[in-house]
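Numbering (our numbering), first residue to last: 10 to 741.
Here the structure comes first, spelled out in structure tokens, and everything after it is commentary.
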Amino acid sequence: MIIVETGKTRNIKKILSVRQETIVNIIVLIAIFIFLLSYFKPSLILLDTTTAGGDTATHNYPAKYMHEYLIPHGKIIGWSPGWYAGLPLFQFYFPLSFVMMEAFALFTSIEVAFKIITVLGTFMLSVCALIAMKLMRFKFPIPALAAVFTLPFLFMEANSMWGGNIPSTLAGEFSFSFSFAITLVFLGLLYRGINANNFDSNKSNRESQSQLKKFILHNAVLFAAIILSHLYTMLFAGLTSLFFLLQRKTKNIIKNFLYLFKTYGLALMLIAFWLLPLLARLEYTTTYNYVWKIGDWRKVFPDILMPFYTIAALSFAWAVWKKDNRIIFIAFSLLVASMLFLTANKIGVVDIRFVPFIQFFPLLIAAYGIGKLFERICDKIRGNRVKMTKLLQILLPIIALVVVIIWVDNNVTYIDFWIKWNYEGFENKGLWDVYSNVNEFLQGSSNDPRVVYEHSPLHDSAGSLRAYENLPLFSGRSTLEGLYMQSTPTSPFVFYIQSQVSKVSSCPLPGYRCTVMNVTRAAPRLRMFNVKHVIARTDEAIDAYNADSENYKHVKSIDPYEIFELRGEYAYVIVPEYEPVFFETDDWKATAYGWFKNEQALDVHLVFDSALENKLLAAGDLNNLPMTKIENDCSIEEYVYNDEVRFNTTCIGKPHIIKISYYPNWHVEGADRIYLISPSFMLVYPEQRSVKLYYGKSLIDQASEIVSYSAVLIIVFAIFSRNQKIKRFFSL
Numbered sequence: 010m011i012i013v014e015t016g017k018t019r020n021i022k023k024i025l026s027v028r029q030e031t032i033v034n035i036i037v038l039i040a041i042f043i044f045l046l047s048y049f050k051p052s053l054i055l056l057d058t059t060t061a062g063g064d065t066a067t068h069n070y071p072a073k074y075m076h077e078y079l080i081p082h083g084k085i086i087g088w089s090p091g092w093y094a095g096l097p098l099f100q101f102y103f104p105l106s107f108v109m110m111e112a113f114a115l116f117t118s119i120e121v122a123f124k125i126i127t128v129l130g131t132f133m134l135s136v137c138a139l140i141a142m143k144l145m146r147f148k149f150p151i152p153a154l155a156a157v158f159t160l161p162f163l164f165m166e167a168n169s170m171w172g173g174n175i176p177s178t179l180a181g182e183f184s185f186s187f188s189f190a191i192t193l194v195f196l197g198l199l200y201r202g203i204n205a206n207n208f209d210s211n212k213s214n215r216e217s218q219s220q221l222k223k224f225i226l227h228n229a230v231l232f233a234a235i236i237l238s239h240l241y242t243m244l245f246a247g248l249t250s251l252f253f254l255l256q257r258k259t260k261n262i263i264k265n266f267l268y269l270f271k272t273y274g275l276a277l278m279l280i281a282f283w284l285l286p287l288l289a290r291l292e293y294t295t296t297y298n299y300v301w302k303i304g305d306w307r308k309v310f311p312d313i314l315m316p317f318y319t320i321a322a323l324s325f326a327w328a329v330w331k332k333d334n335r336i337i338f339i340a341f342s343l344l345v346a347s348m349l350f351l352t353a354n355k356i357g358v359v360d361i362r363f364v365p366f367i368q369f370f371p372l373l374i375a376a377y378g379i380g381k382l383f384e385r386i387c388d389k390i391r392g393n394r395v396k397m398t399k400l401l402q403i404l405l406p407i408i409a410l411v412v413v414i415i416w417v418d419n420n421v422t423y424i425d426f427w428i429k430w431n432y433e434g435f436e437n438k439g440l441w442d443v444y445s446n447v448n449e450f451l452q453g454s455s456n457d458p459r460v461v462y463e464h465s466p467l468h469d470s471a472g473s474l475r476a477y478e479n480l481p482l483f484s485g486r487s488t489l490e491g492l493y494m495q496s497t498p499t500s501p502f503v504f505y506i507q508s509q510v511s512k513v514s515s516c517p518l519p520g521y522r523c524t525v526m527n528v529t530r531a532a533p534r535l536r537m538f539n540v541k542h543v544i545a546r547t548d549e550a551i552d553a554y555n556a557d558s559e560n561y562k563h564v565k566s567i568d569p570y571e572i573f574e575l576r577g578e579y580a581y582v583i584v585p586e587y588e589p590v591f592f593e594t595d596d597w598k599a600t601a602y603g604w605f606k607n608e609q610a611l612d613v614h615l616v617f618d619s620a621l622e623n624k625l626l627a628a629g630d631l632n633n634l635p636m637t638k639i640e641n642d643c644s645i646e647e648y649v650y651n652d653e654v655r656f657n658t659t660c661i662g663k664p665h666i667i668k669i670s671y672y673p674n675w676h677v678e679g680a681d682r683i684y685l686i687s688p689s690f691m692l693v694y695p696e697q698r699s700v701k702l703y704y705g706k707s708l709i710d711q712a713s714e715i716v717s718y719s720a721v722l723i724i725v726f727a728i729f730s731r732n733q734k735i736k737r738f739f740s741l
């Protein structure tokens, strides 16, 4: 009997084959999730505690502030008083992860939502790798292998701060991990869309119809999400897309340029509400272009990844020989990451953040190579063994998964301990009672004077070296040091104070030299920042405060901490002892820092606003500032809130310094305007007894929001429009 295979029979076989492959992909992903959950135990992730550990612990305060204050007031970006004498929270840091926490917090506590989002990027990476490879039309089992090969990267312990791997996520880089994962999907979808963009419409109608989806709108939304979740992934993804402009055909170059223009144009419109104010206010940030010193290159190419790199090198040679443009595209991304690493310092970013891309993308090439090798082996044995070949294809990803899990598990040393340390929370640390007692003693609000603590690795026993950056979260009181040090020009002054009050200081900002511990010299700077309480941890610091009874008074012992009170008066709004002077400079931040370090200059504040040039005495030498005493019999009554300061004064017309970081979004009623004064505070000249300063929207904010709303309307109109020209424009 002769059986003729009809077109219908072939279609049924194809459907069954696709279903089998889908089932295998799902099994692989489920197995990966189970493996990850064996480390990230649900009992820890769903435990209603405050996440501890590294920088991750400090992200709790911004998350809680968004949850309790910003979102209820209809904001994503807003002023926060908790760190650095105040900063525009989420204007210079990435808000998307925190907005997602708010979405999850609709169904659980903000503490649990925080934990879920911090691990989301880790769990998404394998899924996104599989999706990206399928979008680029790699045949089964290559996408499944790509998902499996994410595990060695995730569990790589060679570095813990560069981004993408689990240790970096546990150290606080969870926004990077999420952005890293969706960047894979974006690049896969971009490749698919560009490929459709250059499709020859003269081919068969059936084939043409399958190529019509160019995904412009989808890619625009994805790229917007990438930008809102991390800068480094945005730079990497955006520059990698230049690959599509390196085409032989001029026609394709033009088409690809227009495609990218539509995609990025719409994406930038969507996030204009955040991006345009950021670009307009870069003057009020602090550059952090730290050059990382890599002492051992095995941190870049660790042992856990080396077998995959060997496979990737051979696979790349094969792909070049076969002229597989998809692998060449992935290899181009490695070139982009390498160039960004080498030029990072010149563009004002941290070089090491681009290394994870160099570490990860060869794993995708290795998955391609294993898949292709197996395909050739199957071709050799196909013939009468079709069923056996199909079975081997189905089993390959599962076998690879077992081998990789064994390999990874044997290379893990500290990750499981760190996960437990973070997610059991502050509340389950041995020092919790002490830590909570310190916060309880200092209980207050943003209206109370600030608290400063000694920087010390010994705080780690409380949950994190940076545990006391959460003073605003647990006590309600504002402190000086915090995360997001690039978000304000005040951070250099804060870290200088840190070096004066700490036995060991971090001094993290390149170009800003710190000093050594000297609590006596720190006193006038602490008063300048309206600090009342100081938390000391080391014996050396405690002895120093006890020895300087003129400036400090011991008020509380909570072993192993001692709390001291800075003697004097406390106020956020003051009339200075001497008239401020106008100081003309090309770099006000460097000048202000030089002034702040100069013991002899601190009594006379510098004004950098040229609007006061003709109203104040001028100076050009920090060692020879004119000193004009102000008759100060002023009575000031102040009220300080999260993003508002009200005060009544008897000294109308005299300079009033507000000890809060200057930022152009602050507005004033009862005075002509707000001026920038050293170190980075606000100055007003009241025109009436009652004065109100409040943080609000500027013209650039309002214009940017209109652009973003317009983009949303364009997308909605494009989706629901019946106009075929509009739908074709957005590839809908």
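From the three backbone atoms N, C-alpha and C, an ideal C-beta is built for every residue, glycine too.
Fair warning: this is a prediction, and the values are worked out from it, not measured in the lab.
Hey, would you say P498 sits closer than 8 Å to K606, going by beta carbons? no
Which one of L615, Y650, E588 and L451 has the shortest CA to CA distance from M636? E588
Tell me the rounded alpha-carbon separation between F729 and V721. 12 Å
The beta strand (DSSP E) enclosing W675, as first and last residue numbers: W675 to E678
Would you call the CB atoms of P161 and N34 closer than 8 Å? no
Measure the beta-carbon distance from I320 to A375 and round it to whole angstroms, keeping in mind my assumption that it falls under 8 Å. 4 Å
Report the residue ranges of all alpha helix (DSSP H) runs contained in full by the region 457-543; include only those spanning at least 4 residues, in chain order. 480-483, 500-510 and 528-537
What is the DSSP secondary structure of T658, reduced to helix, strand or coil? strand
Whole angstroms is fine: what's the gap from S118's alpha carbon to E490's? 27 Å
Going by DSSP, which residues form a beta bridge with Y648? R655
Cβ pair G434, T60 closer than 8 Å: yes
Per DSSP, the bridge partner or partners of P97: W88
What is the DSSP secondary structure of Y718, reduced to helix, strand or coil? helix
Would you check if there are 3 or more beta carbon pairs closer than 8 Å linking the region 49-66 to the region 90-109? no
Between the C-alpha atoms of G181 and W171, what's the straight-line distance to the nearest angstrom? 10 Å
What's the gap between the Cα of I337 and the Cα of L685? 52 Å
For V582, which option in D595, F591, S699 and S566 has the closest C-alpha, if you only look at C-alpha atoms? S699
Under 8 Å between the Cβ atoms of Q507 and H563? no
Tell me, please, whether the region 704-715 touches the region 616-630 by the rule of three or more beta-carbon pairs shorter than 8 Å. no
Given that a residue counts as buried once 16 or more other Cβ atoms are within 10 Å of its Cβ, and exposed if not, what is M537? buried
Might you give, ordered along the chain, the residues of its own chain that have their beta carbon closer than 6 Å to the beta carbon of P365, omitting 5 neighbours on each side? W171, G172 and G173
With C-beta atoms as the reference, is K124 less than 8 Å away from Y432? yes
Going by DSSP, name the residue or residues bridged to Y684. L692
Is there contact here, the region 274-285 with the region 710-726, by at least three beta-carbon pairs under 8 Å? yes
How many whole angstroms separate the CB atoms of F164 and F42, which I take to be in contact at a CB cut-off of 8 Å? Not confirmed; about 14 Å, so no contact.
Going by beta carbon distance, what residues of the same chain come within less than 6 Å of L611, once the five residues before and after it are set aside? P533
Can you tell me the Cβ-Cβ gap for N560 and T529, rounded? I've got them flagged as a contact below 8 Å. 6 Å
Just to confirm the assignment, what range does the alpha helix (DSSP H) spanning H76 have? Unbroken run through H76: none, as it is neither H nor E.
Pull up the DSSP beta-bridge partners for Y587, would you. K638
Contained alpha helix (DSSP H) runs [length at least 4] in the region 164-210, N- to C-terminal order: 175-179 and 183-206
Given S487 as reference, the closest of A122, I175, A94 and N69 once Cα atoms are compared: A94
I'd like to know if the region 254-274 and the region 132-149 are in contact, where contact means that at least 3 CB-CB pairs between them fall below 8 Å. no
Close-in-space but distant-in-sequence residues of the same chain around A553 (CB under 6 Å, 5 per side omitted): V528
Verify whether the separation of the beta carbon atoms of F149 and Q495 is less than 8 Å. no
Is it buried or exposed for Y648, if we count other Cβ within 10 angstroms and need 16 for buried? exposed
In chain order, what residues of the same chain lie with their CB nearer than 8 Å to the CB of H5, ignoring the 5 residues before and after it? No answer is possible for residue 5: it lies beyond the span of the chain, which begins at 10 and ends at 741.
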